[in-house]
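Heads up: the structure comes next, in structure tokens.
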Amino acid sequence: MDSPPTFERPLRDFLAFARVEAGLATSTLEAYARDLNDLTTELEARGVVAPSEVSVEDLATHLRWLSRDRELQASSVARHLATIRVFFRWMCANGLIDHDPARLLERPTRWKKLPGVLSPLKMKALVEAPAPEHGKLWIRDRAMLELMYAAGLRASEVGRIRLNEYHEQTMLVTIHGKGERTRVVPIGEPARDWTNRYLAEMRPQLARFPDGRDGHRLLVSGGGRPLERVAVWQIVRKYAGLIGLEGIHPHMLRHSFATHLVQGGADLRIVQDLLGHSDIGTTQVYTHVDRSHLHEVVRACLPRS
4 MDSPPTFERP
14 LRDFLAFARV
24 EAGLATSTLE
34 AYARDLNDLT
44 TELEARGVVA
54 PSEVSVEDLA
64 THLRWLSRDR
74 ELQASSVARH
84 LATIRVFFRW
94 MCANGLIDHD
104 PARLLERPTR
114 WKKLPGVLSP
124 LKMKALVEAP
134 APEHGKLWIR
144 DRAMLELMYA
154 AGLRASEVGR
164 IRLNEYHEQT
174 MLVTIHGKGE
184 RTRVVPIGEP
194 ARDWTNRYLA
204 EMRPQLARFP
214 DGRDGHRLLV
224 SGGGRPLERV
234 AVWQIVRKYA
244 GLIGLEGIHP
254 HMLRHSFATH
264 LVQGGADLRI
274 VQDLLGHSDI
284 GTTQVYTHVD
294 RSHLHEVVRA
304 CLPRS
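Residue numbering for the sequence shown follows the numbering used here, beginning at 4 and increasing consecutively.
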């Protein structure tokens with residue numbers, strides 16, 4: 004049986020239609036192309052490779068991913084939503100799909116929820132999941148997971164760290180985040196020890212691959228290339244699945260990092276700096292994640308509670 008058509012041709016034909024027949028401005032066409040590339044790349048990372056396979060739940064998950072993992076503002080997510088609706092409406096009108104799942108999508112403000120967080124025990128199980136039986140890159144994967152949690156990394160930041168931005172002696176990592184903002188984050192001994200082991204035992208082998216590029220990057224793929232965001236997503240889901248955790252995505256490690264800091268009594272301004280947030284209002288969501296923790300604080304601190 005033939006596989007259903009992928010997104011490649013519909014995307015090309017839609018953008019040609021928008022340019023020639025609809026006469027849209029170049030800036031609008033570029034925004035459409037970026038938004039739809041984000042959509043198809045993220046869907047393919049989850050195994051959804053054809054327009055006919057897309058459900059409204061897939062599209063809603065993508066919008067949540069834009070808001071949580073990419074940390075886009077509501078206005079930017081709304082623009083992505085508009086692009087998705089136009090694209091799927093066009094595919095439906097041209098007989099490329101039988102129905103339009105985007106027609107049922109809700110606006111972002113209606114489905115926005117608090118970030119998902121792993122308990123300390125589940126986080127421990129996740130970062131310790133990589134083992135020799137899970138493939139030749141297991142040491143790199145362990146180092147990556149340790150660093151993501153220890154430094155509150157976004158998926159897009161993982162592959163951008165340079166070798167000279169990992170400071171073994173001071174146990175600090177320099178991170179280049181959104182909006183070209185740079186932050187320096189301390190890491191713990193597990194992250195340092197596994198990163199050192201990866202650098203000593205594995206990275207020299209990966210750097211010798213003929214197709215390798217950007218040899219100054221800290222975490223690289225099996226071919227010596229910088230780790231892409233989609234690869235990070237796949238690695239996290241792989242190990243989450245191995246230990247029976249469902250619905251796990253890379254940004255949950257960052258959410259858990261922040262939430263565990265707040266639960267441990269860290270000042271919100273410090274958490275803001277560690278996350279690289281420009282506005283403390285973005286950081287304040289972590290004060291509302293765990294209701295049970297709030298009850299514990301009240302019982303411990305308030306007379307007659």
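The beta-carbon is built from N, C-alpha and C at its ideal position, and this holds for glycine as well.
- Contact check between the region 193 to 208 and the region 129 to 145: three or more CB pairs, one atom from each, fall below 8 Å, which counts as touching.
- If you look at arginine 92, you'll find it in the alpha helix (DSSP H) that goes 77 to 96.
- The region 173 to 242 is shown to contain whole alpha helix (DSSP H) runs of 4 or more residues at 192 to 204 and 206 to 209, in chain order.
- Around the beta carbon of leucine 75, 16 or more other beta carbons sit within 10 angstroms, so the residue counts as buried.
- Distance from the CA atom of leucine 46 to the CA atom of proline 229, rounded to whole angstroms, is 21 Å.
- For arginine 165, the three-state secondary structure derived from DSSP is strand.
- Across the set Thr31, Thr43 and Ala28, the C-alpha of Thr43 shows the shortest separation from the C-alpha of arginine 12.
- Going by DSSP, serine 30 is part of the alpha helix (DSSP H) stretching over 29 to 48.
- Closest in alpha carbon position to isoleucine 251, among Gly138, Ala85, Pro135 and Ala158, is Ala158.
- Proximity to aspartate 103 across Leu278, Trp236, Glu60 and Thr173 peaks at Glu60, based on C-alpha coordinates.
- When only Cα atoms are considered, leucine 124 and serine 259 end up about 11 Å apart.
- Pairing phenylalanine 20 with tryptophan 93 gives a Cβ-Cβ distance under 8 Å.
- When C-alpha distances from glycine 279 are compared across Glu33, Leu62, Leu148 and Thr177, the shortest belongs to Thr177.
- For serine 122, there is no enclosing alpha helix (DSSP H), since its DSSP letter is neither H nor E.
- For isoleucine 246, the closest C-alpha among the options Val57, Ala134, Met147 and Arg165 is that of Ala134.
- One thing to note: arginine 82 has its Cβ within 8 Å of the Cβ of aspartate 38.
- Taking a C-beta distance under 8 Å as the contact criterion, glycine 155 and valine 188 qualify as a contact pair.
- Collapsing the DSSP output to three states places histidine 258 in a helix.
- Burial is judged here by how many other beta carbons sit within 10 angstroms of a residue's own beta carbon; threonine 31 has fewer than 16 and is exposed.
- Counting every other CB atom within 10 Å of its CB across the protein chains shown gives arginine 257 a total of 16 or more, marking it as buried.
- For histidine 65, the uninterrupted alpha helix (DSSP H) run begins and ends at 59 to 71, by DSSP.
- Note on geometry: alpha-carbon atoms of serine 281 and tyrosine 201 lie some 33 Å from one another.
- Approximately 7 Å separates the beta-carbon atoms of leucine 271 and glutamine 287; this is inside 8 Å, confirming the contact.
- Cβ contact annotation for alanine 85 (same chain, cutoff 8 Å, sequence separation greater than five): none.
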